[in-house]
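Chemist: This is the structure I want to talk about, given as structure tokens.
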């Protein structure tokens, strides 16, 4: 099934999205409990929102070998997770605003894992039970700032640099998924989740040895391949097998 | 004035703390609006909670020269902010649990700025208007993991590694504050906020050029000096001029 977070008439709530793109609104949320309502809506009549605003926003860097070699990094020997910031999140369909002084902006299409249960110190085999579902992320990056700054604060966490969505799918066959990124409708990058250095279960089990994962936490799983330098007006679509397509237009600050 | 976040009989709320440590409970919170209630409580009768769980948890690394040279780092040329994770937050009086395999755990006493208003692209002079107040943080760090890992995920963000509190003071004379850290009642480190490389206004103004700050966001301002290797049973008190004292005991995982 699919969980959609949407807004209508100024109110944001969750709904279940059926195969005909009809929404059944719920009271509550998939993390703390919900009840279905009698409200039925059509997907095209609502605004899609970021599927969850996480308590903690985890992001795996350097998890595919082609991307690592392209960016000139060395291959990690163990799964050390990183972080991103909530200010940067935007929804499917919203614009990525490239700051006026940003000159080398790249996409990074990623699988996103959404945590559904509070867990600590779980085995690899137990990880699947704590996952609510999966969505798509675009880990937008400004490569000059990534090289010049001591942290990723603006290279990866400038406002609007973290598109996520369009919804959470509770099922995914992670080992056999393809990620396809298109720019203005033309395929630009394609890779297999099977090529991850450290898989979802290994990462989350390792993290849980030292930290508690909470309902709504998200883990972005890294990217493969290389992006062209994006230009104002470009539309980037990230499609993952079974999860739909996350689409965002890139525009220049001050020119929107 | 002082804002306290506390719990009593299973309910967590905010209150205003007067100079006699009496609490006036409020409905709502200092960030989205509040009304005072007729409930009066004594500080010693409630459990002190983390003063705010931030939407984004910023932390300035390497912002005092003595600490930078001690840790063998080079002095930053510009204010690049970093991040910490909400899972690691604990309140005044709660225990820092040192993982079983943690061998070199240090304290880092820090001034914490609490954002009160949504702002973007503000000048140095405008920063004071977006600050709700100040509290104290202890940026607990495991130095071996800090050296061996690619990120700070367990070195600085293991559960319980981010004590913060005890409350938010809306007034502070930042340029003339002293930070004193004591271990088991004996002074161990003392430094001046005046020795910051980049001050509160410069950091927040710079950040706001690329990102929106939201009510409840926190910015930890870095530390000076050096910590001894903490041992199970140690009590660490961090005192900042006018902000009170943040006290936490350090215990070993499995031995609590």
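Chains as they are written, first to last, in this note's numbering: chain A, 1 to 256; chain B, 257 to 512. Beta carbons: idealized from backbone N, C-alpha and C, even for Gly. Since the structure is predicted, the reported quantities are computational estimates derived from the model, not experimental observations.
(1) Can you tell which of B:263, B:275, B:300 has the C-alpha that lies nearest to the C-alpha of residue 282 of chain B?
(2) Give the DSSP bridge partners of residue 189 of chain A, in chain order.
(3) Should residue 420 of chain B be labelled buried (16 or more other beta-carbon atoms within 10 Å of its own) or exposed?
(4) Is the CB of residue 6 of chain A under 8 Å away from at least one CB in chain B?
(5) Name the one or two DSSP bridge partners that residue 259 of chain B has.
(6) With the cut-off set at 8 Å, would you say residue 499 of chain B and residue 386 of chain B are in Cβ contact?
(7) If we call anything under 8 Å between Cβ atoms a contact, is residue 388 of chain B one with residue 370 of chain B?
(8) Strictly below 7 Å CB to CB, what residues from chain A border residue 337 of chain B?
(9) With distances taken from CA atoms, which of B:448, B:355, B:295, B:351 is nearest residue 510 of chain B?
(10) Using the C-alpha atoms, what's the distance from residue 404 of chain B back to residue 348 of chain B?
(11) How about residue 80 of chain A and residue 399 of chain B: are their beta carbons less than 8 Å apart?
(12) Of all the residues that make up the segment 290-318 of chain B, which are near chain A by a beta-carbon distance shorter than 7 Å?
(13) Taking residue 106 of chain A as the reference, which of A:162, A:64, A:128 has the closest Cα?
(14) Out of curiosity, what's the CA-to-CA distance linking residue 170 of chain A and residue 17 of chain A?
(15) Who are the Cβ neighbours of residue 76 of chain A in its own chain at under 6 Å, not counting the five residues just before and after it?
(16) Can the beta-carbon of residue 248 of chain A be found less than 8 Å from the beta-carbon of residue 96 of chain A?
(17) Would residue 423 of chain B and residue 260 of chain B qualify as a contact pair, given that the criterion is a beta-carbon distance under 8 Å?
(18) Residue 104 of chain A to residue 415 of chain B, Cα distance in whole Å?
(19) To the nearest angstrom, report how far apart residue 139 of chain A and residue 240 of chain A are at their CA atoms.
(20) With a threshold of 8 Å between beta-carbons, can residue 147 of chain A be considered close to chain B, or not?
(21) For residue 256 of chain A, decide whether its Cβ has a neighbour in chain B, counting only Cβ atoms nearer than 8 Å.
(22) Skipping 5 residues on each side, what residues in its chain have a beta carbon closer than 8 Å to that of residue 256 of chain A?
(23) Buried or exposed for residue 15 of chain A, please, with buried defined as at least 16 other CB atoms from any protein chain shown within 10 angstroms of its CB.
(24) What does the Cβ neighbour count give for residue 441 of chain B, buried or exposed, with the cut at 16 atoms within 10 Å?
(25) In angstroms, rounded to a whole number, what distance separates the CA positions of residue 502 of chain B and residue 446 of chain B?
(26) Quick check: what's the CA-CA separation for residue 438 of chain B versus residue 367 of chain B?
(27) Quick one, which residues of the segment 86-103 of chain A are near chain B if we go by CB-CB under 8 Å, in chain order?
(28) Under a Cβ-count criterion, where at least 16 other Cβ atoms within 10 Å of its own Cβ denotes burial, should residue 269 of chain B be classed as buried or exposed?
(29) Using three-state DSSP, classify residue 31 of chain A as helix, strand or coil.
(30) So, does the CB of residue 263 of chain A fall closer than 8 Å to a CB anywhere in chain B?
(31) First and last residue of the beta strand (DSSP E) that includes residue 508 of chain B?
(32) Helix, strand or coil for residue 559 of chain B per DSSP?
(33) Assuming residue 326 of chain B is part of the alpha helix (DSSP H), what are its boundary residues?
(34) With three or more C-beta pairs closer than 8 Å as the rule, is the segment 49-69 of chain A touching the segment 121-130 of chain A?
(35) On a Cα-Cα basis, can you pick out the residue from A:238, A:251, A:226, A:204 that is closest to residue 116 of chain A?
(36) Where does residue 49 of chain A land, buried or exposed, given buried means 16+ other C-beta within 10 angstroms?
Modeler: In short:
(1) Translated into the one-based positions of the second chain, residue 282 of chain B becomes position 26. Minimum Cα distance to residue 282 of chain B is reached at B:263.
(2) One-based indexing of the first chain puts residue 189 of chain A at position 189. Paired residue(s): A:181.
(3) The residue you call residue 420 of chain B lines up with position 164 of the second chain. The residue in question, residue 420 of chain B, is buried, as its Cβ has 16 or more Cβ neighbours within 10 Å.
(4) As a working note, residue 6 of chain A is residue 6 in the first chain. Cβ-Cβ to chain B under 8 Å: no for residue 6 of chain A.
(5) Walking along the second chain from the start, residue 259 of chain B turns up at place 3. According to DSSP, which records beta bridges pairwise, residue 259 of chain B is partnered with B:272, B:424.
(6) As a first step, residue 499 of chain B is located in the second chain; it is residue number 243 there, counting from the start. As a first step, residue 386 of chain B is located in the second chain; it is residue number 130 there, counting from the start. No, the pair does not count as a contact, with Cβ atoms beyond the cut-off.
(7) To locate residue 388 of chain B, count along the second chain from 1; it is residue 132. To locate residue 370 of chain B, count along the second chain from 1; it is residue 114. Closer than 8 Å, so yes.
(8) Locating residue 337 of chain B in the second chain gives position 81, where the first residue counts as 1. Going along chain A in sequence order, the residues near residue 337 of chain B (Cβ under 7 Å) are 151, 153.
(9) Along the second chain, one-based indexing puts residue 510 of chain B at 254. Closest option to residue 510 of chain B, Cα to Cα, is B:355.
(10) As a position in the second chain, residue 348 of chain B is number 92, starting the count at 1. As a position in the second chain, residue 404 of chain B is number 148, starting the count at 1. Whole-angstrom Cα-Cα distance: 30 Å.
(11) The sequence position of residue 80 of chain A within the first chain is 80, counting from 1. The sequence position of residue 399 of chain B within the second chain is 143, counting from 1. No, the pair does not count as a contact, with Cβ atoms beyond the cut-off.
(12) 311, 312
(13) Counted from its first residue, the first chain places residue 106 of chain A at position 106. Out of A:162, A:64, A:128, A:162 has the C-alpha closest to the C-alpha of residue 106 of chain A.
(14) As a working note, residue 170 of chain A is residue 170 in the first chain. As a working note, residue 17 of chain A is residue 17 in the first chain. One C-alpha to the other measures close to 11 Å.
(15) Locating residue 76 of chain A in the first chain gives position 76, where the first residue counts as 1. Closer than 6 Å at Cβ, skipping near neighbours: 62.
(16) To locate residue 248 of chain A, count along the first chain from 1; it is residue 248. To locate residue 96 of chain A, count along the first chain from 1; it is residue 96. Yes.
(17) Sequence index remark: in the second chain, residue 423 of chain B carries index 167 (1-based). Sequence index remark: in the second chain, residue 260 of chain B carries index 4 (1-based). In contact: residue 423 of chain B and residue 260 of chain B (Cβ atoms closer than 8 Å).
(18) Within the first chain, numbered from 1, the residue matching residue 104 of chain A stands at position 104. Within the second chain, numbered from 1, the residue matching residue 415 of chain B stands at position 159. Distance between the alpha carbons of residue 104 of chain A and residue 415 of chain B: 36 Å.
(19) The sequence position of residue 139 of chain A within the first chain is 139, counting from 1. The sequence position of residue 240 of chain A within the first chain is 240, counting from 1. One C-alpha to the other measures close to 14 Å.
(20) Position 147 of the first chain, counted from the first residue, corresponds to residue 147 of chain A. Output row for residue 147 of chain A: interface = no.
(21) Counted from its first residue, the first chain places residue 256 of chain A at position 256. The pLDDT assigned to residue 256 of chain A is 49, lower than 50, so where the model puts this residue is not dependable, and the model offers no usable value.
(22) Numbered from 1 along the first chain, position 256 holds the residue referred to as residue 256 of chain A. For residue 256 of chain A, the pLDDT reaches just 49, beneath the cut-off of 50, and the residue's location in the model is therefore unreliable, although a value from the coordinates is still provided. Cβ neighbours of residue 256 of chain A beyond the five flanking positions: 95, 97.
(23) Position 15 of the first chain holds residue 15 of chain A. With 16 or more other Cβ atoms within 10 Å, it is buried.
(24) Here residue 441 of chain B is taken as the residue at index 185 of the second chain, counted from 1. Classification of residue 441 of chain B: exposed, given that the 10 Å Cβ count is below 16.
(25) Counted from its first residue, the second chain places residue 502 of chain B at position 246. Counted from its first residue, the second chain places residue 446 of chain B at position 190. Distance between the alpha carbons of residue 502 of chain B and residue 446 of chain B: 15 Å.
(26) Locating residue 438 of chain B in the second chain gives position 182, counting from the first residue. Locating residue 367 of chain B in the second chain gives position 111, counting from the first residue. Rounded to whole angstroms, residue 438 of chain B to residue 367 of chain B spans 16 Å at the Cα level.
(27) 86, 87, 88, 99
(28) Start at 1 with the first residue of the second chain, and residue 269 of chain B comes out as number 13. Answer is buried; the Cβ neighbour count reaches 16.
(29) Start at 1 with the first residue of the first chain, and residue 31 of chain A comes out as number 31. Residue state, collapsed to three classes: coil.
(30) An answer regarding residue 263 of chain A cannot be provided, because it is not within the stretch 1 to 256 covered by chain A.
(31) For the purposes of this step, residue 508 of chain B is taken as residue 252 along the second chain, with counting starting at 1. Per DSSP, residue 508 of chain B belongs to the beta strand (DSSP E) from 500-508.
(32) Outside the modelled stretch of chain B, which goes from 257 to 512, sits residue 559 of chain B, for which no answer is possible.
(33) On the second chain, position 70 is the one that residue 326 of chain B refers to. That run of the alpha helix (DSSP H) goes 321-326.
(34) no
(35) Working through the first chain from its first residue, we reach residue 116 of chain A at position 116. Among A:238, A:251, A:226, A:204, the Cα nearest to that of residue 116 of chain A is on A:204.
(36) Against the first chain, residue 49 of chain A aligns to sequence position 49. Buried, since its Cβ has 16 or more Cβ neighbours within 10 Å.
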